[in-house]
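In what follows, a structure is listed as structure tokens, so that the remarks can point back to it.
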Amino acid sequence: MENCLIHHHHHTLLTLPSSSHKPHFRFFTRPDFGGGGGAFPVSSSCLSHHRRRPFIRASAGATPCEFSSLNSPLEPRSMVGKFLSGVLQNHPQMFHVAVGEELKLLAEDRDAAHARMVLGSVTDEALLHRRIAQLKENQCQIAVEDVMYLLIFYKFSEIRVPLVPKLSSCLYNGRLEILPSKDWELESIHSLEVLDMIREHITTVTGLKAKSSVTECWATTQVRQFLLARVYVASILYGYFLKSVSLRYHLERNLSLADHDIHLGHRTSLMCSYGLKDAIFGHLSNMPSLGQGLIRPEEEVEDLKCYVMSFHPGSLQRCARLRSKEAVNLVGSYSCALFNNNESGSFENDDVILTSFSSLKRLVLEAVAFGSFLWETEDYIDNVYKLKED
20 MENCLIHHHH HTLLTLPSSS HKPHFRFFTR PDFGGGGGAF PVSSSCLSHH
70 RRRPFIRASA GATPCEFSSL NSPLEPRSMV GKFLSGVLQN HPQMFHVAVG
120 EELKLLAEDR DAAHARMVLG SVTDEALLHR RIAQLKENQC QIAVEDVMYL
170 LIFYKFSEIR VPLVPKLSSC LYNGRLEILP SKDWELESIH SLEVLDMIRE
220 HITTVTGLKA KSSVTECWAT TQVRQFLLAR VYVASILYGY FLKSVSLRYH
270 LERNLSLADH DIHLGHRTSL MCSYGLKDAI FGHLSNMPSL GQGLIRPEEE
320 VEDLKCYVMS FHPGSLQRCA RLRSKEAVNL VGSYSCALFN NNESGSFEND
370 DVILTSFSSL KRLVLEAVAF GSFLWETEDY IDNVYKLKED
């Protein structure tokens, strides 16, 4: 159990409960939106009044599941998010099944509303259908952002790392400490080459060297809260970037090795002439302008860092950019919830916080892991529910 500890101030973070009883699920159809008796509806605010959805009640023995807080900075805003939150806490083994079903239903809801808008575009009610479709899309987008966040939360639970709660709950007389550090767990999700780059990032943003002593780690420093918030968001984006670029790196290396083994010289030179990184990942329309600055056929990539340094600025920017609007919204809402900032997304709190370098490292490692998980989650969701390009 992870705690934010300042002297006698305790704030306990959630670890997912495990049940010794096997849950059983009863599916039935529900004609309305209301939920009662401790049951979790699979439906959301994106439901159509003329469509019935399955309704799931999960129970262990005679006691039905009940929704409770995840004890994380961000709480679900949609019915879908609240339902999945309950599944995650009470029956995590069913979580991915429930997520898959909800994403399919959300995609169907959005597509159905869009289809009605198209069919009604030639009628007197065209404006009404357009407005309904917009509302439906906004509702579904909020639900998908909740799903995205809960999938990330689940990934943290898999490595037994609770997310840091609102920082205001970890502060005591202006001092912040997060214990235990969970450094090993947060580092375990990365490859060694990625981890080396993360350690360089930590040194850059905190000043803490990779092989610092225990005394140096627990030394205290002062930092303004708005700067800490910016470092956290930047670290999320850095983790997202590292996940994207490391996948490209390994794919390109594997293709190059296979290319060399089977002597496909002509095809390799063709791909490289247009920029291999972009050809592989579908940026076909910009091929001619992106070929410059990428790795040439005769060049050999020694490690990930050299690979990143060889990027054309345009390709580098694309790797670092969040692909979907839902991901952008999630990073904004989550960081605001964590640092207790206003909903505009600006970090204006100028309070000075006293904290240890160990706690700073914990926050940065969590943010990098969040970004890495965000990339995976975004990729997973987009295969079922088409996300909006940012």
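One gets this note's numbering by counting positions in the sequence shown from 1 and adding 19 to each.
Where a beta carbon is used, it is the ideal one built from N, C-alpha and C, also for glycine.
On a predicted model such as this, the values are computed, not experimentally measured, just so you know.
| Item | Value |
| --- | --- |
| Outcome for residue 128 when other beta-carbon atoms lying within 10 angstroms are tallied against a minimum of 16 | buried |
| Residue closest to residue 334, alpha-carbon to alpha-carbon, out of 347, 272, 267 and 171 | 267 |
| Candidates 405, 377 and 388, of which the one nearest residue 197 by Cα | 377 |
| Rounded straight-line distance, which links the Cα of residue 263 to that of residue 119 | 23 Å |
| Other residues of its chain near residue 401: CB distance less than 6 Å, five sequence neighbours each side excluded | none |
| Enclosing alpha helix (DSSP H) for residue 375 [first to last residue] | That residue, residue 375, is in no alpha helix (DSSP H); its beta strand (DSSP E) goes 371-375. |
| Cutoff 6 Å; reference residue 381; Cβ partners in own chain excluding five residues on either side | 197 and 200 |
| Residues near residue 399 by beta carbon distance below 6 Å, same chain, minus five either side | none |
| Residue closest to residue 453, alpha-carbon to alpha-carbon, out of 145, 117 and 193 | Residue 453 falls outside the range modelled here, since the chain spans only 20 to 409, and no answer is possible. |
| Beta-carbon spacing of residue 174, residue 392 below 9 Å | yes |
| Segment limits, alpha helix (DSSP H) that includes residue 163 | 145-177 |
| Contacting residues, own chain, Cβ-Cβ under 7 Å from residue 394 (five flanking each side not counted) | 259, 262 and 263 |
| Coil, strand or helix - residue 276 by DSSP | helix |
| Cross-strand partners of residue 18 (DSSP beta bridge) | Because the chain in this structure spans residues 20 to 409, residue 18 falls outside the shown range and cannot be described. |
| Nearest-angstrom beta carbon gap, residue 397 and residue 167 [assumed within contact, 8 Å] | 7 Å |
| Close-in-space but distant-in-sequence residues of the same chain around residue 338 (CB under 6 Å, 5 per side omitted) | 260, 263 and 264 |
| Delimiting residues of the alpha helix (DSSP H) encompassing residue 348 | 344-358 |
| Inter-residue spacing [alpha-carbon to alpha-carbon] between residue 121 and residue 110 | 16 Å |
| 8 Å contact criterion, which residue 181 and residue 353 should meet: CB distance rounded | Actually they are not in contact, since the Cβ atoms of residue 181 and residue 353 sit about 15 Å apart, beyond 8 Å. |
| Beta carbon of residue 244 nearer than 9 Å to that of residue 372 | yes |
| Alpha-carbon to alpha-carbon, residue 179 and residue 329 | 36 Å |
| Residue interval of the alpha helix (DSSP H) (run including residue 334) | 332-339 |
| Cβ-based neighbour list, residue 164, same chain, cut-off 6 Å, excluding 5 preceding and 5 following | 345, 348 and 349 |
| For residue 326, the three-state DSSP class (helix, strand or coil) | helix |
| Local conformation of residue 191 per DSSP, three classes | strand |
| Residue 397 in three-state terms, based on DSSP | helix |
| Nearest candidate by alpha-carbon position, reference residue 369, set 154, 137 and 193 | 193 |
| Reference residue 390, options 202, 252 and 324, closest by Cα | 252 |
| Cβ neighbours of residue 205 in the same chain (closer than 7 Å, five flanking residues each side left out) | 180, 384, 385 and 388 |
| Sub-9 Å separation of residue 239 and residue 374 beta-carbons | yes |
| Residue of 126, 190, 177 and 145 minimising C-alpha distance to residue 159 | 126 |
| Beta-carbon proximity check, residue 224 vs residue 176, cutoff 9 Å | no |
| Short Cβ contact (9 Å threshold) for residue 162 with residue 216 | no |
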